[in-house]
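According to the working numbering, the stretch in the sequence shown is residues 4 to 190, in order. Note that CB positions come from ideal geometry on N, CA and C, so glycine has one too. The structure appears below as structure tokens.
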Amino acid sequence: MGASMPKQYLPLLGQPIALYSFRIFSLMSEVKEIVVVCDPSYRDIFEEAQNSGTVYLKFASPGKERQDSVFNGLQEVDQTTELVCVHDSARPLVLTDDVKKVLNDAWVHGAAVLGVPVKATIKEVIKPSLLRKGFEVVYREGLEVTDYVLIVEHLKHPVYITEGSYTNIKVTTPDDLLLAERILNQK
């Protein structure tokens, strides 16, 4: 978007884009920890926004490629965690109900992706053990993936598609930012 900082930290109605989804996840009783993958210089944004005590906040450093960033975040996940949500913080308008639906579907099917018909996928929820096995294959075979559903599909494991909301747009252009503001102002 031609900004001096990564798009997820640009202001959207006065707060960084990334904080919208961060707050959604941090207020959910189903979420016990949040691992934010970010440059250390942006950690204070999340530390200041953290709600008192309900969710444990951890950080991981970004990797060279996006898949490396997800892998780094996965290394920080508690070993007893049963599901992992991989969420792009440039999608600030995710709905709590949609997160709950995709969590439930991932619980039943092992992996689920939140999406809408004819639009790009939004977020993946995967059992950590499945994602770890997938990363083993990716790194062993030297694969590059940008869609984490592909990691699971390399294991020949089906991924369930959970229908989400069209308002959960990804903010990548100035027009997207304006649309996100309009959507938020209508709530």
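- Q11 and S44 have their alpha carbons spaced roughly 14 Å apart.
- As the crow flies, the alpha-carbon of S132 is around 37 Å from that of S7.
- Bounds of the alpha helix (DSSP H) holding T99 are 99-112.
- Scanning the segment 34-67 from its first residue to its last, the whole alpha helix (DSSP H) runs of 4-plus residues come out as 46-52.
- Per DSSP, I154 has no beta-bridge partner at all.
- Boundaries of the alpha helix (DSSP H) harbouring V73: 69-78, taken from the DSSP string.
- Among the bridge pairs identified by DSSP, A115 is matched with V128, Y163.
- Non-local beta-carbon contacts of F62 in its own chain, meaning distances under 6 Å to residues more than five positions away in sequence, involve V39, R46 in chain order.
- Nearest Cα to K130 within the set I154, P95, V148, A52: I154.
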